[in-house]
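As you go down the protein sequences, you meet chains A and B in turn. With positions in the first sequence counted from 1, the corresponding number in our numbering is that position plus 29. With positions in the second sequence counted from 1, the corresponding number in our numbering is that position plus 27. Heads up, the beta-carbon is just placed ideally off N, CA and C, and yes, glycines get one too. The model shown is predicted, which means the values in this text are computed figures rather than measured ones. Here the structure is laid out as structure tokens; the discussion comes afterwards.
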Amino acid sequence: MTNTAQTIDPALYAAVTDAIRAEAKKVLEAGAAAAVVGWQAGRRQGTAMPAIITDPAKVAELIFSPACVNNLALYLSKAKKEIRARGRIAIVVKGCDLKALVGLMGENQLKREDLHVIGVVCAGVQRAGAAKDIPLSEETIAGKCRECTVHTPEGADVTVGTLPDLPHFTPVESEELSRLEAMTPAQRWSFWKEHFARCIRCYACRQVCPFCYCEQCLCDRNRPQAVETTPRPAGNMAWHIVRAMHLAGRCAGCAECERVCPMDIPLNLLNRKMAKELKELYGHEAGFEVKEKGPLAQYREDDDQSFIK
Amino acid sequence: MSRIGVFVCHCGENIARTVDVEKVAAEAARLPGVAYATDYKYMCSDPGQNLLKNAVAEHRLDGIVVAACSPRMHEKTFRNAAKSAGLNPFLCEMANIREHCSWVHEDRDEATAKASDIVAMMVARVKKDKRLVPITVPVTKRALVIGGGIAGIQAALDIADAGHQVVLVEREPSIGGHMAQLSETFPTLDCSQCIMTPKMVDAANHPNITLHTYSEIESVDGYIGNFQITVRKKARSVIEEKCTGCGVCSAKCPQKKIPNAFDKNLGTRPAIYVPFPQAVPNTPVIDRANCTWFKTGKCGVCQKVCGPGAIDYEQEDRLIVEPVGAIVVATGFELYSITEKPKGSPIKGYGEFGHGTIPDVIDGLTFERLASASGPTGGKILRPSDGREPKQVVFVQCVGSRAREKGISYCSKICCMYTAKHTMLYKHKVHDGQAYVFFMDARTPGKSYDEFWRRAIEEEEAVYIRGMVSRLYQKGDKIVVMGSDVHVGVQVEIEADLVVLATAVQPRAGADTLAQKLGISYDSYHFYSEAHAKLKPVECATAGIYLAGACQGPKDIPDTVSQASAAAAKVMTLFAKDELEREPIVAKVNEKNCVACLYCKKVCPYGAVEEKEIRDRQGNLIRVVAYVNPGVCGGCGTCQASCPSKSVELDGYTDEQIMAMIEAL
Numbered sequence: 030m031t032n033t034a035q036t037i038d039p040a041l042y043a044a045v046t047d048a049i050r051a052e053a054k055k056v057l058e059a060g061a062a063a064a065v066v067g068w069q070a071g072r073r074q075g076t077a078m079p080a081i082i083t084d085p086a087k088v089a090e091l092i093f094s095p096a097c098v099n100n101l102a103l104y105l106s107k108a109k110k111e112i113r114a115r116g117r118i119a120i121v122v123k124g125c126d127l128k129a130l131v132g133l134m135g136e137n138q139l140k141r142e143d144l145h146v147i148g149v150v151c152a153g154v155q156r157a158g159a160a161k162d163i164p165l166s167e168e169t170i171a172g173k174c175r176e177c178t179v180h181t182p183e184g185a186d187v188t189v190g191t192l193p194d195l196p197h198f199t200p201v202e203s204e205e206l207s208r209l210e211a212m213t214p215a216q217r218w219s220f221w222k223e224h225f226a227r228c229i230r231c232y233a234c235r236q237v238c239p240f241c242y243c244e245q246c247l248c249d250r251n252r253p254q255a256v257e258t259t260p261r262p263a264g265n266m267a268w269h270i271v272r273a274m275h276l277a278g279r280c281a282g283c284a285e286c287e288r289v290c291p292m293d294i295p296l297n298l299l300n301r302k303m304a305k306e307l308k309e310l311y312g313h314e315a316g317f318e319v320k321e322k323g324p325l326a327q328y329r330e331d332d333d334q335s336f337i338k
Numbered sequence: 028m029s030r031i032g033v034f035v036c037h038c039g040e041n042i043a044r045t046v047d048v049e050k051v052a053a054e055a056a057r058l059p060g061v062a063y064a065t066d067y068k069y070m071c072s073d074p075g076q077n078l079l080k081n082a083v084a085e086h087r088l089d090g091i092v093v094a095a096c097s098p099r100m101h102e103k104t105f106r107n108a109a110k111s112a113g114l115n116p117f118l119c120e121m122a123n124i125r126e127h128c129s130w131v132h133e134d135r136d137e138a139t140a141k142a143s144d145i146v147a148m149m150v151a152r153v154k155k156d157k158r159l160v161p162i163t164v165p166v167t168k169r170a171l172v173i174g175g176g177i178a179g180i181q182a183a184l185d186i187a188d189a190g191h192q193v194v195l196v197e198r199e200p201s202i203g204g205h206m207a208q209l210s211e212t213f214p215t216l217d218c219s220q221c222i223m224t225p226k227m228v229d230a231a232n233h234p235n236i237t238l239h240t241y242s243e244i245e246s247v248d249g250y251i252g253n254f255q256i257t258v259r260k261k262a263r264s265v266i267e268e269k270c271t272g273c274g275v276c277s278a279k280c281p282q283k284k285i286p287n288a289f290d291k292n293l294g295t296r297p298a299i300y301v302p303f304p305q306a307v308p309n310t311p312v313i314d315r316a317n318c319t320w321f322k323t324g325k326c327g328v329c330q331k332v333c334g335p336g337a338i339d340y341e342q343e344d345r346l347i348v349e350p351v352g353a354i355v356v357a358t359g360f361e362l363y364s365i366t367e368k369p370k371g372s373p374i375k376g377y378g379e380f381g382h383g384t385i386p387d388v389i390d391g392l393t394f395e396r397l398a399s400a401s402g403p404t405g406g407k408i409l410r411p412s413d414g415r416e417p418k419q420v421v422f423v424q425c426v427g428s429r430a431r432e433k434g435i436s437y438c439s440k441i442c443c444m445y446t447a448k449h450t451m452l453y454k455h456k457v458h459d460g461q462a463y464v465f466f467m468d469a470r471t472p473g474k475s476y477d478e479f480w481r482r483a484i485e486e487e488e489a490v491y492i493r494g495m496v497s498r499l500y501q502k503g504d505k506i507v508v509m510g511s512d513v514h515v516g517v518q519v520e521i522e523a524d525l526v527v528l529a530t531a532v533q534p535r536a537g538a539d540t541l542a543q544k545l546g547i548s549y550d551s552y553h554f555y556s557e558a559h560a561k562l563k564p565v566e567c568a569t570a571g572i573y574l575a576g577a578c579q580g581p582k583d584i585p586d587t588v589s590q591a592s593a594a595a596a597k598v599m600t601l602f603a604k605d606e607l608e609r610e611p612i613v614a615k616v617n618e619k620n621c622v623a624c625l626y627c628k629k630v631c632p633y634g635a636v637e638e639k640e641i642r643d644r645q646g647n648l649i650r651v652v653a654y655v656n657p658g659v660c661g662g663c664g665t666c667q668a669s670c671p672s673k674s675v676e677l678d679g680y681t682d683e684q685i686m687a688m689i690e691a692l
């Protein structure tokens, strides 16, 4: 059994909460931002949910805790026009969320000068379904946080918090990926076929993804219909392949798609596999710098061609 | 319901041999929306086109599918026919059942079934075709000619004489190209310099020609009628406007021993030089790699002696943008060398001929410099090694050419004739000398060509030996030539004083890089490809770009000049119009759905995508979307494939049409 006594000190989250409130008050009072996008406590004990604060008197509603799982970059994409319409926005981001912001800037969706980015040092968040209100441990920490390389966001306007010493966690994500890669193509095909067969096409993965900002998704088109809309195997497969291909080279790895999936389809595993391919083929990693062109939007003579057989 | 007409062409036997055309027409007639279907022997002929026109009127057709050859061949023909019958030409589509079917299949039943499928797909597509109107774009009536050899000069002069501006770009310090290096020319033996240099002067003095020598093409943007060319004018270190061409700088330059490439390194030149006395422009250039000033920072003699103060050591490369409407590519050729080739190169050298290490084994162009009155020997035939007059000269044909094992399988075309000329020039200068020629067969088609070759043998006493040379090696001061005489069936050995190799004609090094900048295609040897071997021999597949001379394939001077004038005529045809009609097969953005991720802008190879702001009547910004400039769009469809929300579509190839085609299968 793993050492469940090894936990993350909750003091970090309390300190970050105070700093977020102070910064939010400052920018709202100074008029440097029209709204602050952050997290507030959820109705149930130990939960959190996205919050949009416009009144400096209400900054005390903002919190940071291991329950702050949501990637708030979603609230700045075109899909949420009404927030952007307010003016310059301050946004609270974890390291992983910042990667999505950077990606959106590269895709002409956001301008850096329109944002006030409050970066928070994050030791980790809860996995879906974990027991609430206890310090993060091997039992409760989310998969993506175990191998996190962006605890401290780089390039924010202010960064708050100090990273404590972290316990060692089992790297479940890389183990999951190795298991997938060890499969034969036929095994992989049936692995995904079984998972996608369960999909009920609720499109929660699409709605939560900061990169799915199309105002009309091509899957909602009926003239011509590119993807069958009923939850049957062929249409499900088509939808998930479209989703994976459209995210290749763009996905920032926030794993929100996998967290919200009611059918527990390992969607982020597919995203991570695509990201790994792009890193190996083109040395590309999404979300670290605003790039004019991703690897799939350009052709270079020295591009790897070995896959053409 | 649509009223589509389907016309299935036999193409003589080309299609009908493998495809049951009557069955294809009968099956097409049963497709929903098809009002009329028939087959005919030659749809593209006058009666074939009339059949189509009459059917449009008689059956009130509102769309046409011609099942015949590739649209590249006859789409225009049938669209014009549809237009004259009163239909919008873009409601006429080709179903390619020749290149895509009959030519590539053998089984008649399977080919017939496939032809029917292709027709069904095109019927589905034509039903969703829109009535499109051609786009007009203005034409910039200025031409760019790349390469200042005889091809480029001829094309430039012809276009300039027609009253249009021409920009002539030459990589070397002087125009003239290979023809300026030749001694005399076949089949008349008139002096090359005497006929070439006046043309060079004409080009330089022509009021309509802008000359950029010592310059290269940096980049090419735009499209037919509207190219933007960036020319890199390399630093000459001499201010052209000030230089009077007096030559004092060259005379006083202390560096005198630099091999002169124009003389095939037989002679020498100073570091500040004009490549040859008749150079145009007569403006020297400093060879910075060999100049004492640039190597050590000392000397400066040329600057001190230059009266007009034209020497500028600080000069830098300049980039000049030239807007032009048409481009003639005339970059010429270079000779294959027998030296060892880098590992992995598909073309090999000749170890059996000493890989170029025997000094008295030279190529044809070097012989031209020896025979030239203005050459390093003043026109005397002297051996490079010891300056002695050679008494026995062996000429070897087809070195590199027609030698698949050496990596080149084509015939270089000019060598038979110039070797015959060389034997004559040699005999005229060395009366007691003997010329031998090893040859596979003499290829002398052309006006007065065979007579010329016969004269070399019958009057000038050249000995022609049919056979190949297997080895060359130095023995004392002689070169032993080991070959065979296949007529007699014996091995031959000749001890020669000089050996002249007729080495293969190859495209210029870097021809592929230039082609990539221009967006034109080239073959595996890097010769540029014409649009059609027979019917479009001077046009590139890329509109507005034309070919002249040996950059397209080995050519002699008469052919080169003819092709240059032909290319010029094509440019003039283009310039006869003020506006060009372009096919309206361009991408359009659905502004309602576009989220301006601008992926289309990133992938567009034509730079046709811009950002467009949509504002309300008060001027408030509502949204930003992508916009495709129809004048620039090349209709490739890359944007359509890359758009994540499917908000951009190519007219004539919409997603709806492609899906309908797939469903028709």
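With 16 other CB atoms within 10 Å as the buried threshold, where does residue i fall?
| i | result |
| --- | --- |
| Thr68 (chain A) | Going by the sequence as given, residue 68 (chain A) is Trp instead of Thr. Buried. |
| His275 (chain A) | buried |
| Cys4 (chain A) | The structure shown does not extend to residue 4 (chain A), since chain A is modelled only from 30 to 338, so the question has no answer here. |
| Ile649 (chain B) | exposed |
| Gly344 (chain A) | Outside the modelled stretch of chain A, which goes from 30 to 338, sits residue 344 (chain A), for which no answer is possible. |
| Pro95 (chain A) | buried |
| Met30 (chain A) | Reliability of the predicted coordinates at Met30 (chain A) is poor, the pLDDT of 39 falling under 50, and the value obtained from them is presented with this limitation in mind. With fewer than 16 Cβ atoms within 10 Å of its Cβ, Met30 (chain A) is classed as exposed. |
| Tyr42 (chain A) | buried |
| Tyr328 (chain A) | exposed |
| Asn77 (chain B) | exposed |
| Phe336 (chain A) | exposed |
Could you tell me whether any non-hydrogen atom of the ligand SAM is closer than 7 Å to the CB of residue i?
| i | result |
| --- | --- |
| Ala122 (chain B) | This structure does not include the ligand SAM; it has no bound ligands of any sort. |
Tell me, which residues are paired with residue i by DSSP?
| i | result |
| --- | --- |
| Asp512 (chain B) | B:Val517 |
| Tyr300 (chain B) | B:Val312 |
| Asn123 (chain B) | B:Ala95 |
| Leu171 (chain B) | B:Val194 and B:Ile354 |
| Thr257 (chain B) | B:Ser246 and B:Val348 |
| Gln461 (chain B) | B:Gln419 |
Report the start-end ranges of each beta strand (DSSP E) in the segment 68-150 of chain A that is 3 residues or longer and not cut off at the edges. 77-82, 118-122 and 144-149
Determine which residues of the segment 123-154 of chain A have a Cβ less than 9 Å from any Cβ of chain B, and write them out in chain order. Glu136, Asn137 and Gln138
At a Cβ cut of 7 Å, what residues of the segment 675-690 of chain B count as close to chain A, listed as they run along the chain? Asp682, Glu683 and Met686
To be precise: take each residue of the segment 617-629 of chain B, compare its Cβ to all Cβ atoms of chain A, and keep it if any distance is under 7 Å. Which residues remain? Asn620, Val622, Ala623, Cys624, Leu625, Tyr626 and Lys629
Contact the segment 210-224 of chain A vs the segment 158-168 of chain A: 3+ CB pairs below 8 Å: no
Which full runs of the alpha helix (DSSP H) of 4+ residues lie inside the segment 206-272 of chain A, going along the chain? Runs of the alpha helix (DSSP H) inside the segment 206-272 of chain A: 214-226 and 233-237.
Unbroken alpha helix (DSSP H) runs of length 4 or more, entirely within the segment 53-96 of chain B: which are they? 73-85
Whole alpha helix (DSSP H) elements within the segment 514-586 of chain B, 4-residue minimum: 538-545
Tell me which residues of the segment 107-138 of chain B have at least one Cβ-Cβ distance to chain A shorter than 8 Å, keeping chain order. Cβ contacts with chain A come from no residue of the segment 107-138 of chain B.
Are three or more beta carbon pairs between the segment 188-195 of chain B and the segment 234-248 of chain B nearer than 8 Å? yes
Along the chain, which unbroken stretches of the beta strand (DSSP E) at least 3 residues long are found entirely within the segment 376-421 of chain B? 388-390
Ordered list of alpha helix (DSSP H) runs contained in the segment 150-182 of chain A, each at least 4 residues: 172-175
Indicate whether the contact test is met: 3 or more Cβ pairs, each with one atom in the segment 441-454 of chain B and one in the segment 465-482 of chain B, closer than 8 Å. These segments touch.
Would you check if there are 3 or more beta carbon pairs closer than 8 Å linking the segment 40-54 of chain A to the segment 83-95 of chain A? yes
For the segment 272-287 of chain B against the segment 599-616 of chain B, do three or more pairs of beta-carbon atoms, one drawn from each stretch, fall closer than 8 Å, so that the two count as touching? no
Per the contact definition of three or more C-beta pairs closer than 8 Å, is the segment 289-308 of chain A in contact with the segment 217-229 of chain A? Contact between the segment 217-229 of chain A and the segment 289-308 of chain A is present, with at least three C-beta pairs closer than 8 Å.
Just by C-beta distance, which residues in the segment 244-264 of chain A are closer than 9 Å to chain B? Glu244, Gln245, Cys246, Leu247, Arg250, Arg252, Pro253, Gln254 and Ala255
Quick one, which residues of the segment 218-246 of chain B are near chain A if we go by CB-CB under 8 Å, in chain order? none
Could you please tell me which residues of the segment 427-441 of chain B, in chain order, have their CB closer than 8 Å to any CB of chain A? none
Within the chosen definition, does the segment 545-559 of chain B reach the segment 400-409 of chain B through at least 3 CB pairs nearer than 8 Å? no
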